[in-house]
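Numbering (the UniProt record's numbering), first residue to last: 1 to 657.
Glycine residues also receive a C-beta, built at the ideal position from the N, C-alpha and C atoms.
None of the values given here were measured: they were computed from a predicted structure.
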Amino acid sequence: MAATFRQIQPAPRDDNSPESEEGGHLVLGRSYRIAKRKRQHVRVACNPCREKKRANNFNHYADIVDQLKTLPEHEALKLFQRLRSTGGAFSPLQTVRLSNHKTSQALLPTTSSRIEFELTALHGIVYPTLLPIDITRLSISPLEKPASPSNHGSLVRKSSNTPIVLSEAGSRPYCDSRLEDLDISYWTKVPISDVSAATLISLYLETDQTIIAFIDADLFLDSLVDRRPKFCSSFLVTAMLYVACYAYTAKDLTAVPLGNLFLRESERLFRAEGSADDVLTLAAINTLSLGCFYSGNDTLAKELQSAGRNMGRRLGLYGVPHDSPSSLAFRKLPDDLLRMTAHVAWSTYNWLTIHVMFFYDKSISHTPSFPVPGADRDDYPDHAWPDHPLPKYMGKSFTKLCHFFSIVEEVAAVYSANDRIPIFDRVPIAFAEAKYQKMLFWADSLSKDMAWNQDSHEHIFLFHMWFHCAVLDIFRPFTQTQQGYKLRSFNSQDSTPKTIFAASLNQMKRLVLLYRTQKMPNSYMPYINISLIHIANTICKEGPHDITSKFYFLLCIRYWQHLYVGYPIFSHVIQAFLTMAINNGLMSNREAKTLMADVLAGGKHHELAHEGIQTNFIVDFDLAMTNPDEAGVQAVAQKFEEVALFDEFAVYKKEGD
């Protein structure tokens with residue numbers, strides 16, 4: 001008989017911890033359950049903690065915050081910069097030696113001074129960290145030049161019934177769809193097709209307008225397309241087309257003789273209408289002076305600039321107190337007229353300030369009393385100004401430049417005094433330091449979309465270039481002295497005019513390098529010329545002190561060579577700097593002559609204009625402090641043949657040596 005055994009029941013099931021999830025199992029013959037030990041839950045762990053299989057109690061981050069609160073300010077700045085430049089949030093605490101300045105300084109890329117750390121940490125919008133670039137891998141060979149037209153003179157002889165069509169005209173969308181309805185024959189007798197004219201105007205609005213903005217583009221386009229002379233005129237249209245033609249030579253050299261036709265018509269209209277005080281006439285005068293300035297028509301450019309300056313003052317747009325009767329009367333204007341007047345006032349003020357900086361013209365005593373175009377209404381709570389939005393393609397650069405040039409004008413008013421006493425002998429360093437701090441305080445208010453990167457629009461690059469040009473202008477006079485000025489508004493021990501000058505020069509070199517190698521525009525933008533002059537001037541004065549000097553000098557030369565295809569003045573600029581390079585041992589006379597011949601070979605379409613080309617902006621800033629007449633383009637460029645032929649003779653010497 002079979003034995004009867006007691007039935008064995010399964011162990012009780014733990015419903016809260018399923019076997020499939022916990023990995024537990026039953027063991028036969030026992031009345032209890034054996035389960036794996038439960039894994040301890042960790043709330044959050046960073047990658048280094050996971051690798052070391054340890055919990056993260058967040059003490060690392062608390063230590064960082066405590067260090068930032070308790071360290072001396074200059075040490076806290078260095079630690080903050082390390083946090084931004086290293087891979088892990090707590091890695092600085094593992095490696096930093098707070099008493100070892102050289103070790104911590106070595107971890108920041110391409111910085112040469114402690115003040116550069118401080119500027120990067122506190123003012124990152126205008127002094128971003130510069131990552132190392134291997135310049136030996138970069139090419140600075142000449143850029144491709146567009147094909148020459150078969151017959152330059154044919155455009156002048158063409159019948160007015162045969163409109164000129166530029167190459168690639170209409171191949172890309174216009175910046176504003178209203179240009180599709182343009183009837184250009186209403187505004188000018190120069191034979192040009194509607195598509196070509198619309199392409200040129202669109203190019204102007206997307207390039208020059210974003211920086212100079214002599215007009216309110218929205219109001220202008222309404223009147224242009226509707227054929228109403230309210231906010232448009234033949235003088236303004238032809239002047240704009242004249243400027244745009246030079247930029248368009250990057251695509252079609254036919255634009256060069258076409259631009260000459262627009263110049264002739266614009267000058268005739270200036271002689272007829274230039275004496276009538278009107279904001280549209282002033283905008284046209286400014287636009288024409290811009291074109292003449294970069295085309296080398298120096299005599300007419302100066303006449304226009306003087307006429308525009310005087311007209312703006314007579315109209316009360318600037319140079320008068322904000323509470324004057326004329327300033328108060330502007331508030332009663334209709335909204336659209338007020339918008340156009342504000343644009344003309346601020347753009348004229350900016351244009352004149354540029355001339356004060358680079359031609360040592362007389363400064364302007366008062367800024368315009370109008371609201372800055374594109375600024376928020378909240379910035380003007382006391383006045384019921386109308387909204388003044390800008391087109392999307394303009395960005396914010398022009399708006400910010402209006403505020404920026406207001407500060408620059410304060411510096412220029414003191415620095416450009418008409419005497420031969422050097423600036424460092426008549427201007428205290430306290431003035432320079434105060435204005436620089438004012439610029440930095442203003443720069444801290446810039447939004448992140450004003451920061452530059454390799455994908456930024458051209459006007460963002462140019463905005464930052466002009467900022468650093470102003471910094472160099474502020475401190476250059478004090479870098480020439482033997483006095484060891486220490487700027488005590490900074491914590492860094494090496495905060496001197498020379499180190500701040502070098503920090504801005506480094507930023508400018510990187511901006512120009514990116515602009516040349518990665519952001520080369522499809523048209524010519526001559527506004528970068530100011531930055532190129534500052535870089536090349538400094539390199540020539542310092543001589544071949546490091547391996548990068550000649551690279552950046554040739555970078556400037558090649559970009560001027562690129563601009564020379566459109567603007568004939570840049571052959572003179574190149575000639576002037578080659579003269580300076582020979583005299584300072586940066587380049588041999590044979591190398592300079594070969595390079596100059598290569599430059600001139602690319603500008604044969606300018607041959608008819610070369611004899612009359614004149615320009616006189618400053619290229620030798622050191623010499624300009626004591627003898628500005630000998631520091632201009634023409635004066636220096638004329639020495640090239642003598643210096644190139646007789647390298648041993650120092651024909652061109654700096655005054656005061």
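In whole angstroms, what separates the C-alpha of residue i from that of residue j?
i, j, result
"residue 671", "Lys541", "Residue 671 lies beyond the stretch modelled for the chain, which goes from 1 to 657, so this question has no answer here."
"residue 660", "Gln209", "No answer is possible for residue 660: the residues shown for the chain start at 1 and end at 657."
"His123", "Ser139", "32 Å"
"Glu641", "Ala213", "40 Å"
"Leu623", "Ala470", "18 Å"
"Thr129", "Ser492", "17 Å"
"Ala76", "Leu487", "19 Å"
"Pro163", "Ile192", "4 Å"
"Thr120", "Leu511", "15 Å"
"Phe370", "Gly312", "13 Å"
"Ile133", "Glu458", "21 Å"
"Tyr415", "Ser196", "44 Å"
"Asn297", "Ile618", "16 Å"
"Glu303", "Arg137", "47 Å"
"Ile582", "Lys593", "10 Å"
"Val408", "Thr238", "31 Å"
"Asp444", "Ile125", "7 Å"
"Asp226", "Thr615", "38 Å"
"Leu269", "Ser185", "16 Å"
"His605", "Val599", "12 Å"
"Tyr393", "Thr481", "44 Å"
"Val636", "Ala536", "14 Å"
"Ile574", "Glu118", "36 Å"
"Met439", "Pro368", "19 Å"
Skipping 5 residues on each side, what residues in its chain have a beta carbon closer than 6 Å to that of residue i?
i, result
"Phe405", "Asn350 and Thr353"
"Asn584", "Cys540 and Gly543"
"Gln507", "His468"
"Thr499", "Ser113 and Ile115"
From which residue to which residue does the alpha helix (DSSP H) around residue i run?
i, result
"Gln507", "Pro497 to Thr517"
"Ser202", "Asp194 to Glu206"
"Met596", "Asn589 to Ala601"
"Gln575", "Phe570 to Asn583"
"Tyr436", "Ile429 to Ala443"
"Glu630", "That residue, Glu630, is in no alpha helix (DSSP H); it is neither H nor E in DSSP."
"Gln561", "Thr548 to Tyr564"
"Phe359", "Asp335 to Phe359"
"His464", "Glu458 to Thr479"
"His403", "Ser397 to Tyr415"
"Val237", "Ser234 to Tyr248"
"Gly259", "Ala255 to Glu273"
"Ala117", "The sequence shown places Phe at residue 117, rather than the Ala named in the question. Segment Arg114 to Leu122, the alpha helix (DSSP H) holding Phe117."
"Leu328", "Pro325 to Ala329"
"Phe370", "It is not in any alpha helix (DSSP H) - Phe370 carries neither H nor E in the DSSP assignment."
"Leu623", "Phe621 to Ala624"
Mapping DSSP to helix, strand and coil, what is residue i?
i, result
"Gln638", "coil"
"Gln305", "helix"
"Ile613", "coil"
"Ile215", "coil"
"Ile285", "helix"
"Asn537", "helix"
"Asn529", "helix"
"Asn310", "helix"
"Ser223", "helix"
"Ile164", "strand"
"Ile423", "helix"
"Ile125", "coil"
"Ile140", "coil"
"Ile618", "strand"
Please go through the same chain and pick out, in chain order, the residues whose beta-carbon is closer than 7 Å to the beta-carbon of residue i, but skip the five residues on each side of it.
i, result
"His355", "Gln305 and Asp361"
"Leu555", "Ile140, Val512, Leu513 and Arg516"
"residue 746", "Any property of residue 746 remains undetermined from this structure, which presents the chain solely from 1 to 657."
"Ser363", "Val356, Glu409, Ala412, Ala413 and Ser416"
In its own chain, which residues sit with a C-beta less than 8 Å from the C-beta of residue i, not counting the 5 before and 5 after it?
i, result
"Glu180", "Tyr174 and Ala198"
"Thr399", "Val372, Pro373, Gly374, Ala375 and Leu390"
"Val427", "Val414, Tyr415 and Pro477"
Is any non-hydrogen atom of the ligand ZN found closer than 7 Å to the C-beta of residue i, if you look at the structure I gave you?
i, result
"Ala413", "Although the ligand ZN was asked about, the structure shown includes no ligands whatsoever."
Do we get a CB-CB distance below 8 Å when we pair residue i with the residues of chain D?
i, result
"Leu79", "Absent from the structure is chain D; it holds one protein chain and no more."
Practice problem: Specify whether the stretch 359 to 367 and the stretch 525 to 533 touch according to this definition: at least 3 beta carbon pairs, one from each stretch, less than 8 Å apart. | Solution: no
Quiz item: Hey, is the stretch 283 to 299 in contact with the stretch 568 to 578, meaning 3+ C-beta pairs nearer than 8 Å?
Solution: yes
Quiz item: Are three or more beta carbon pairs between the stretch 428 to 440 and the stretch 242 to 257 nearer than 8 Å?
Solution: no
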